[in-house]
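Chains as they are written, first to last, in my numbering: chain A, 182 to 602; chain B, 2 to 158; chain C, 4 to 336.
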């Protein structure tokens, strides 16, 4: 290749700012007249709100206003696929971390003190915390059409015929954990109304343009009136796809005509953003004596938690990637996203394609052991190449460097790849 | 809110301010001096993003009350180098690719600075121990260790 | 007793939104009087380095140094929508958009240059090191700065705008058949671990991580993505779990939710495999998400290889490993 800059490693364009501490994250913004917001969240995973009294908090000197569901002028909800995450809970909570209200005060200390004075009473509702339980008819219904938010079937070939050809079959269940993106910079944003009367927010986000759409929809203003400026972003890994501080800060700034800053501490950060889906994965895979895969059957159940977020796309991605990078002629996969009263799950690095490797890569080793093959060998014999067909019937008419990655990694471990192929 | 006079040296400059008795050194640096290179990542001394040097030793400024730094010397990332005159450690971080999101970077640079003052030729293992109180979620630390090694070589010259 | 084991894992990863979703990125490039340029992109740099990679792509396409590029990103008042920074898509999708926009701006400049240099088509022209030159007669050349200022004085505007869409096809909801992602990235990692059979503690000794990224636009940045992804995989495999009790998070702090420290992440050897994806900018696909996918299964396979127990529920904590070892012992007895 004869490129001059592509393929090189120039210093990051934002590097000097970052090593000298000059890079501006939303936390680092201080505007004249700035006030501070503190979110009050639900104490119960599923409950009716029978009383919400903000008067004591609002009476505290230094408190400017407490914002609740009735202060949301537009749509009281947001979400990357479907706007079902309430800006503020309206009479009901579906998960423990639902925002009830936002206290805005002259200082962070006053906002936090006032937050303790918010008087909320709940009437608990039956809740469900295991997606397999939530699939049952008897489970508390979190949605009118039931708790199953998404189901994708993959049907290729005939798995029964495939298993009939198998010399060995491995059956195993797996479960992945709920994981946090744990980016180092907790959520923060500063919203203000500029000289044109436009609402501006400085925030660390993954997608400013979609944030604008959702902020405008919640505030009931046109999109050109909202400006989202992405500051330096302190890591994201999927956890900044669904919004957190954005609508709250913009609403408060719009109403109060003061710059409003919201900064989460680590604990609130854990509570406010999406998590990685824990998945239950039941697998059955068959192979012939020479290590060729002939059939795979899998059921994957992902806990979507209380809100939809990206769940359908994530469980779709899990299903599409359920076979691993291997050609299997007979495949049957059922993948489900199921609502529970757990904290909602959404995007995290790997996005549904991250969980199935736990299952399919364990099973490759289990089959290899039964067949007395090296782990490299069984993978090599089934590996995708350019032109291979996936479980969804897609022809991989693109660069497919899987076998090169296998060779390169194995050689660095000193494996005799020529013998192992 | 009880106020009290706080007098300390920050990046070589004597600072005197009347500030509340209950604030952390981190709050003083950020909210009062707007030295925002010092970051808050956890507020309980686990992540090291708020690392500063107190009398030359790295501390988590979220765990130090502002007034307990009275009469002492604080160095923040702003006191290490500037965009026009980077410290060799800062240069090494850029050269080695040790920076991604940058939120842990100021704390990492200060931890490295303190290490190299005490031990100009650390092993990789010693570097890992020295930065083990500073969390990074982006880089996997390998390139940060590379950067500190590179800085040691640069400073050794 | 400390026992060592080695585990391998391979993965594939469909990049982009997928499933026919509109996966579009737009960009604008303007060349100024002095030959420097501004790039506008909606892509948010979350730390992974898209601002740098996209500036590199613009600089390459325009034939000017990266220092002559100002890249403005992710401000909705002035940058066009580039989609979300997710799905391992910004290098590929926004990289393509920036490259196309730069090529359009460049074409306006080259069209003007053709007249100035008296060549009958721009096919014979290129830009390198800040000069427009005749490829087969390089001494015939003119600086980009001189040309740009001349072209602009004559009323030309050196602005290119482009959108790029990553193609994908919706899957059938009943059979799952379709072509939901494009392109796919591939990777293999091999991990070596040491398991202490008395404490159940696992130490990851080393990991080799080979990734088909199409083409590395920025080599060190790609290595950084791989090493960072591996670190997240180590955490997922061994320590990380949001513990819930009745829907309530029990460990919302770094004291109780343990992400890897510098002492927990092994030396990671990144191996960049370049396969030159024809549809990608300069052959690039992406690496962000694939970086972490093989790590967890490779570690679990290595644990099995070391001590013969298979952990099927994450994370592989010392308690789970000790319990599994005990069960294995009882079974063998």
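Glycine included, each C-beta is placed from N, C-alpha and C at the ideal position.
Because the structure is a prediction, the values reported are computed rather than measured.
- So which residues of chain B does residue 1/C contact, with C-beta pairs closer than 8 Å? Past the edges of chain C, shown from 4 to 336, lies residue 1/C, and the structure says nothing about it.
- Query: Does DSSP put residue 460/A in a helix, a strand or coil?
  - Reply: Working through the first chain from its first residue, we reach residue 460/A at position 279. Looking at residue 460/A - three-state DSSP - the assignment turns out to be strand.
- Item | Interface residues of chain B facing residue 361/A [CB-CB closer than 9 Å] | In the first chain, the residue the question calls residue 361/A occupies position 180. Result: empty, since nearest Cβ-Cβ is about 10 Å, beyond 9 Å.
- Query: Which runs of the alpha helix (DSSP H) spanning at least 4 residues fall entirely within the stretch 174–240 of chain C, listed in chain order?
  - Reply: none
- Item | Cβ pair residue 524/A, residue 276/A closer than 7 Å | Start at 1 with the first residue of the first chain, and residue 524/A comes out as number 343. Start at 1 with the first residue of the first chain, and residue 276/A comes out as number 95. Yes; because the gap between Cβ atoms is below 7 Å, this pair is in contact.
- Query: Got a sec, what are the start and stop residues for the beta strand (DSSP E) residue 160/B sits in?
  - Reply: Because chain B here runs from 2 to 158, residue 160/B falls outside it and cannot be looked at.
- Item | Distance between residue 363/A and residue 451/A (C-alpha atoms, nearest Å) | One-based indexing of the first chain puts residue 451/A at position 270. One-based indexing of the first chain puts residue 363/A at position 182. Straight-line Cα distance between these residues: approximately 8 Å.
- Inter-residue spacing [alpha-carbon to alpha-carbon] between residue 13/C and residue 453/A: Here residue 13/C corresponds to residue number 10 of the third chain, with the count starting at 1. Here residue 453/A corresponds to residue number 272 of the first chain, with the count starting at 1. For residue 13/C and residue 453/A, the distance between alpha carbons rounds to 33 Å.
- residue 223/C at chain B interface by Cβ criterion, 7 Å: In the third chain, residue 223/C corresponds to position 220, counting from 1. Residue 223/C counts as touching chain B.
- Query: Since residue 17/B contacts residue 4/B with CB under 8 Å, what's their CB separation in whole angstroms?
  - Reply: For the purposes of this step, residue 17/B is taken as the residue at position 16 of the second chain. For the purposes of this step, residue 4/B is taken as the residue at position 3 of the second chain. Not confirmed; about 13 Å, so no contact.
- Give the residues of chain B in contact with residue 197/A, contact being defined as C-beta atoms less than 9 Å apart. Walking along the first chain from the start, residue 197/A turns up at place 16. 84, 87, 91 and 95, listed in chain order.
- Expressed to the nearest angstrom, what Euclidean distance is found between the alpha-carbon atoms of residue 153/B and residue 105/C? Translated into positions along the second chain, residue 153/B becomes position 152. Translated into positions along the third chain, residue 105/C becomes position 102. Rounded to the nearest angstrom, the two C-alpha atoms are 41 Å apart.
- Expressed to the nearest angstrom, what Euclidean distance is found between the alpha-carbon atoms of residue 182/A and residue 69/B? For the purposes of this step, residue 182/A is identified with residue 1 of the first chain, where counting begins at 1. For the purposes of this step, residue 69/B is identified with residue 68 of the second chain, where counting begins at 1. Confidence is the limiting factor: at residue 182/A the pLDDT is only 48, short of 50, which leaves the residue's position unreliable, though a coordinate-based value still follows. Each residue's Cα considered, the two are about 59 Å apart.
- Message: Quick check: what's the CA-CA separation for residue 296/A versus residue 46/C?
- Response: Residue mapping note: residue 296/A aligns to position 115 of the first chain, counting from 1. Residue mapping note: residue 46/C aligns to position 43 of the third chain, counting from 1. So the alpha carbons of these two residues sit roughly 36 Å apart.
- Taking three-plus beta-carbon pairs below 8 Å as touching, is the stretch 51–60 of chain C in contact with the stretch 123–130 of chain C? no
- Message: Can you tell me where the alpha helix (DSSP H) holding residue 621/A begins and where it ends?
- Response: In this structure chain A extends from 182 to 602, so residue 621/A is not present and cannot be described.
- Residue span of the beta strand (DSSP E) that contains residue 248/A, given as start and end: Your numbering for residue 248/A matches position 67 in the first chain. Residue 248/A -> beta strand (DSSP E) spans 244–248.
- Query: How would you label residue 138/C, buried or exposed, when you count the other beta carbons within 10 angstroms and need 16 or more for buried?
  - Reply: Position 135 of the third chain, counting from 1, holds the residue named residue 138/C. So residue 138/C ends up on the exposed side.
- Task: Could you tell me the distance, in whole angstroms, from the CA atom of residue 388/A to the CA atom of residue 264/A?
- Result: The count along the first chain starts at 1 and reaches residue 388/A at position 207. The count along the first chain starts at 1 and reaches residue 264/A at position 83. Cα-Cα distance, rounded: 16 Å.
- Message: Any C-beta of chain B within less than 7 Å: which residues of the stretch 406–426 of chain A qualify?
- Response: 413, 414, 415 and 416
- Query: Using a Cβ-Cβ distance under 7 Å, would residue 138/B count as near chain A?
  - Reply: Position 137 of the second chain, counting from 1, holds the residue named residue 138/B. Yes - at least one Cβ of chain A is within 7 Å of the one on residue 138/B.
- Message: Taking only three categories from DSSP, how would you classify residue 29/B?
- Response: Translated into positions along the second chain, residue 29/B becomes position 28. The answer is helix: DSSP assigns residue 29/B an H, G or I state.
- Message: Helix, strand or coil, according to DSSP, for residue 16/C in the structure here?
- Response: Counted from its first residue, the third chain places residue 16/C at position 13. Residue 16/C falls in the strand class under three-state DSSP.
- Item | Cα-Cα separation between residue 347/A and residue 51/B, rounded to whole angstroms | For the purposes of this step, residue 347/A is taken as residue 166 along the first chain, with counting starting at 1. For the purposes of this step, residue 51/B is taken as residue 50 along the second chain, with counting starting at 1. Rounded to the nearest angstrom, the two C-alpha atoms are 58 Å apart.
- In chain B, which residues lie less than 8 Å from residue 452/A when you measure between Cβ atoms? As a first step, residue 452/A must be located in the first chain, where it is residue number 271. Under the 8 Å cutoff, chain B gives no residues; its nearest Cβ is about 14 Å from residue 452/A.
- Query: Where do the N-terminal and C-terminal ends of the alpha helix (DSSP H) with residue 290/A fall, by residue?
  - Reply: Taking the first chain and counting its residues from 1, the one referred to as residue 290/A is at position 109. Element bounds for residue 290/A: 289–296.
- Query: Three or more C-beta pairs closer than 8 Å, one from the stretch 142–161 of chain C and one from the stretch 17–29 of chain C: is that the case here?
  - Reply: no
- Is the beta carbon of residue 223/C less than 7 Å from the beta carbon of residue 190/A? Here residue 223/C refers to the residue found at position 220 when the third chain is read from its first residue. Here residue 190/A refers to the residue found at position 9 when the first chain is read from its first residue. Their beta carbons are under 7 Å apart, which means residue 223/C touches residue 190/A by this criterion.
- Message: Less than 7 Å between CB atoms is the rule here; does residue 266/C satisfy it with respect to chain B?
- Response: Counting from 1 along the third chain, the entry for residue 266/C is found at position 263. It does; some Cβ of chain B falls within 7 Å.
- Item | Any C-beta of chain C under 7 Å from that of residue 132/B | Position 131 of the second chain, counted from the first residue, corresponds to residue 132/B. Yes, residue 132/B lies at the interface with chain C (some Cβ there is under 7 Å from its Cβ).
- Message: Using the Cβ count rule (16 or more neighbours within 10 Å means buried), how would you classify residue 71/B?
- Response: Start at 1 with the first residue of the second chain, and residue 71/B comes out as number 70. Exposed.
- Message: For the beta strand (DSSP E) containing residue 59/B, name the first residue and the last one.
- Response: For the purposes of this step, residue 59/B is taken as the residue at position 58 of the second chain. Here the beta strand (DSSP E) through residue 59/B covers 58–61.
- Endpoints, the beta strand (DSSP E) within which residue 43/C is located: One-based indexing of the third chain puts residue 43/C at position 40. Its beta strand (DSSP E) spans residues 40–44.
- Query: At a CB-CB cut-off below 7 Å, which residues of chain B make contact with residue 51/C?
  - Reply: Translated into the one-based positions of the third chain, residue 51/C becomes position 48. Here the neighbours are 101.
- Task: Select from 459/A, 444/A and 551/A the residue whose C-alpha is nearest the C-alpha of residue 41/B.
- Result: Along the second chain, one-based indexing puts residue 41/B at 40. Checked all of 459/A, 444/A and 551/A; the closest Cα to residue 41/B is 444/A.
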